[in-house]
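Engineer:
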Amino acid sequence: MTDRAVKLIYFAWVRERIGLAEEHVTLPGGIATVRDLLAWLQARGDGYAEALKVPEAIRVAINQDHVPHGAGLDGAREIALFPPMTGG
Amino acid sequence: MTDRAVKLIYFAWVRERIGLAEEHVTLPGGIATVRDLLAWLQARGDGYAEALKVPEAIRVAINQDHVPHGAGLDGAREIALFPPMTGG
Amino acid sequence: MQPIVRIQREDFDLAAETGRLREGSRDIGAIVTFSGLCRDEAGTLAALEIEHYPGMAEAEIGRIAEEAASRWPLLGLAALHRYGRILPGENIVLVIAASSHRQAAFEAASFLMDYLKTRAPFWKKQHLRDGSASGWVEARETDEEAAGRW
Amino acid sequence: MQPIVRIQREDFDLAAETGRLREGSRDIGAIVTFSGLCRDEAGTLAALEIEHYPGMAEAEIGRIAEEAASRWPLLGLAALHRYGRILPGENIVLVIAASSHRQAAFEAASFLMDYLKTRAPFWKKQHLRDGSASGWVEARETDEEAAGRW
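Chains as they are written, first to last, in the numbering used here: chain A, 1 to 88; chain B, 89 to 176; chain C, 177 to 326; chain D, 327 to 476.
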């Protein structure tokens, strides 16, 4: 698996704790699933660790479609992380 | 049981078949329930017989409140006969 | 919370009636409205004529509304029903239920319509466009079933 | 029947949106609307701030609307959601479902709201009147349960 460039987008308190609305990252080989991505991001700094400390509270969308944490990242261009939705 | 004066009111096809919107009648003794009333009315003429030939299709209200056919007529001032409702 | 019940010949206005209810409380989080319209029955219907039992119509809808208000935590409730001649596309009935949360508003409005259909003394007569036939609308068994689920 | 989906900062008008749907068909017999409003939380709330995921918000509500249209025989369907700063008493969301009969309209509107609550990417932050506290609204478990029943 080669390195891949993706856009990460954060919303609500995930955005506030990480301190960024979005960023472009290159995923190293070995980051195959959403679960892998969350673990890798947690190690990027205190804000990330704080935002993602309860991974099951994090919802994920790949290319603007909801995915479970077991989903693979193949074909992902835009990955969004956010808390459970509270619209409506 | 003494004779009682009541107002009868008819709606929709009950009204059309009987040919009257309302009438005042004196109920003879022995007419104790809605069921008795329907049987007594059926004998009043062809229109009544036609309107009430399927008694279970007739809904009844006493003093503007729905009642079952077994209900007594004590205290009835206004008795309405009509088909199942189709409002809304 | 005093339910609003009106039986009238004239049309009514969804926005005005809903606005009136909204003004009553700042704690309303959900408003469900139901509008019942006269269908044109694939172009065959000229008009509906709605007969009602004056006095009892108001009383019966009032009783149904009170029942809804006792079952759900409502902040507003209105039920309006027209009578007389009604053309395709026009309003027949309007129900509005307001509550803090959506489930109470949805359920109360649905309950009120189910009961109104089977208990409020209104009868519809169809006048067809070609004049060849017209008649009283028959009660639907599915309406009785719908009322039975509450 | 093409569902109408709009995500916007501006307010919307119940009467105008419902009127647009009514014009689409003369066979509509039932229109159910759901309006979600900003509650004042017993006078403590200054405003809600609604964040959304542009692009995905439209896409996700569109998918939910298509699902509703495939499950019920609808003659009209609209879902509008606001974002940005919203004051107590103002509109947040509007759903409209039109059908020949009332059950489909009630169910489709209720389904759309349940799914919109749990799947559409919007988040609410509360700004309190006394400035002492504010925070992100937490998702309600009852909303997940409500969506689970369909």
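Note that the Cβ used here is the ideal one computed from N, Cα and C, for glycine as well.
Taking buried to mean at least 16 other C-beta atoms within 10 Å of its own C-beta, is D/Gly345 buried or exposed?
Structural biologist: In this structure D/Gly345 is exposed. Its beta-carbon is surrounded by fewer than 16 other beta-carbon atoms within 10 angstroms.
Engineer: Measuring only the C-alpha atoms, how far is D/Ala435 from D/Arg389?
Structural biologist: 14 angstroms
Engineer: Give the residues of chain A in contact with D/Gly381, contact being defined as C-beta atoms less than 7 angstroms apart.
Structural biologist: What D/Gly381 touches in chain A: Gln64.
Engineer: Would you call the region 154-172 of chain B and the region 248-263 of chain C touching, i.e. three or more CB-CB distances under 8 angstroms?
Structural biologist: no
Engineer: Identify the contact partners of C/Val208 in chain D, using a Cβ-Cβ distance below 9 angstroms as the criterion.
Structural biologist: Val358, Thr359, Phe360, Ser361, Phe432, Ala435, Ser436
Engineer: So, at 6 angstroms on beta carbons, what are the nonlocal neighbours of C/Ser201 in its own chain, with the 5 sequence-adjacent residues on each side left out?
Structural biologist: Leu251
Engineer: Report yes if the C-beta distance between C/Ser211 and D/Ile357 is below 9 angstroms; otherwise report no.
Structural biologist: yes
Engineer: Is the Cβ of D/Phe338 closer than 9 angstroms to any Cβ of chain A?
Structural biologist: Not closer than 9 angstroms to any Cβ of chain A, the Cβ of D/Phe338 fails to qualify, so no.
Engineer: For D/Ala411 versus D/Leu374, is the C-beta distance shorter than 9 angstroms?
Structural biologist: Reading off the sequence shown, one finds Arg at residue 411 of chain D, where the question assumed Ala. Against a cut-off of 9 angstroms, the Cβ pair of D/Leu374 and D/Arg411 comes out as a contact.
Engineer: Compare the C-beta of B/Trp128 against all C-beta atoms of chain C and say whether one is closer than 9 angstroms.
Structural biologist: With a threshold of 9 angstroms between beta carbons, B/Trp128 makes no contact with chain C.
Engineer: How is the alpha helix (DSSP H) around B/Val102 delimited, first residue to last?
Structural biologist: 100-106
Engineer: Can you grab the Cα-Cα spacing for the pair A/Ala39 / A/Leu20, in whole Å?
Structural biologist: 18 angstroms
Engineer: Could you work out which residues of chain C lie near D/Thr344, taking near to mean beta carbons separated by less than 8 angstroms?
Structural biologist: Leu190, Ser211
Engineer: So, using beta-carbon positions, are D/Ala307 and D/Arg332 closer together than 9 angstroms?
Structural biologist: A question about residue 307 of chain D goes unanswered here, because the residues of chain D that appear run from 327 up to 476.
Engineer: Report the neighbours of D/His427 on chain A: residues whose CB is nearer than 7 angstroms to its CB, in chain order.
Structural biologist: Result: empty, since nearest Cβ-Cβ is about 25 angstroms, beyond 7 angstroms.
Engineer: So that I know if they touch, is there some Cβ in chain D lying closer than 9 angstroms to that of C/Ala218?
Structural biologist: For C/Ala218, at least one C-beta of chain D is nearer than 9 angstroms to its own C-beta.
Engineer: Evaluate C/Leu263 with the Cβ neighbour count: other Cβ atoms within 10 Å of its Cβ, from every protein chain shown; 16 or more gives buried, anything less gives exposed.
Structural biologist: The residue in question, C/Leu263, is exposed, as its Cβ has fewer than 16 Cβ neighbours within 10 Å.
Engineer: If you count every other CB in all the chains shown that lies within 10 Å of the CB of B/Ala174, and 16 or more means buried, which is it?
Structural biologist: A small fix is needed here, since residue 174 of chain B is Thr in this sequence, not Ala. It counts as buried.
Engineer: Find out if the Cβ-Cβ distance for the pair B/Ile119, B/Leu161 is shorter than 9 angstroms.
Structural biologist: yes
Engineer: Residues in the region 100-117 of chain B with C-beta within 9 angstroms of chain C's C-beta atoms, listed in sequence order?
Structural biologist: Ala100, Trp101, Arg103, Glu104
Engineer: List, in chain order, every chain A residue whose beta-carbon is nearer than 7 angstroms to that of D/Leu442.
Structural biologist: Gly87, Gly88
Engineer: Measure the CB-CB distance between A/Val60 and A/Val25 and report whether it falls below 9 angstroms.
Structural biologist: no
Engineer: Do the CB positions of A/Ala51 and A/Val14 come within less than 9 angstroms of each other?
Structural biologist: It is a contact, given that the beta carbons lie within the stated cut-off.
Engineer: Between the Cα of C/Lys293 and those of D/Phe448, D/Leu454, D/Tyr441, D/His427, spot the shortest distance and give me the residue it belongs to.
Structural biologist: D/His427
Engineer: Is DSSP giving A/Arg35 helix, strand or coil here?
Structural biologist: helix
Engineer: Per DSSP, C/Gly311 forms a beta bridge with which residues?
Structural biologist: C/Gln302
Engineer: In whole angstroms, what separates the C-alpha of A/Ala49 from that of A/Glu56?
Structural biologist: 14 angstroms
Engineer: Check for me: the alpha helix (DSSP H) holding D/Gly415 runs from which residue to which?
Structural biologist: From DSSP, D/Gly415 is part of no alpha helix (DSSP H); its letter is neither H nor E.
Engineer: Mind checking who D/Leu371 pairs with in its DSSP beta bridge?
Structural biologist: DSSP, once it has assigned bridges, lists D/Leu454 as partnering D/Leu371.
Engineer: From the beta carbon of C/Pro179, is the nearest beta carbon of chain B less than 9 angstroms away?
Structural biologist: no
Engineer: Note down, in chain order, every chain C residue with its Cβ under 8 angstroms from the Cβ of D/Pro414.
Structural biologist: Arg202
Engineer: Would you list the one or two residues that DSSP bridges to A/Arg4?
Structural biologist: Bridge partners of A/Arg4: A/Leu27.
Engineer: Spell out a yes or no on whether the region 293-305 of chain C and the region 376-391 of chain D are touching, meaning 3 or more CB-CB pairs, one atom from each, closer than 8 angstroms.
Structural biologist: no
Engineer: May I ask you to report which of helix, strand or coil DSSP gives D/Arg332?
Structural biologist: The answer is strand: DSSP assigns D/Arg332 an E or B state.
Engineer: Beta-carbon of C/Gly252 versus every beta-carbon of chain D: anything under 9 angstroms?
Structural biologist: No, no contact with chain D.
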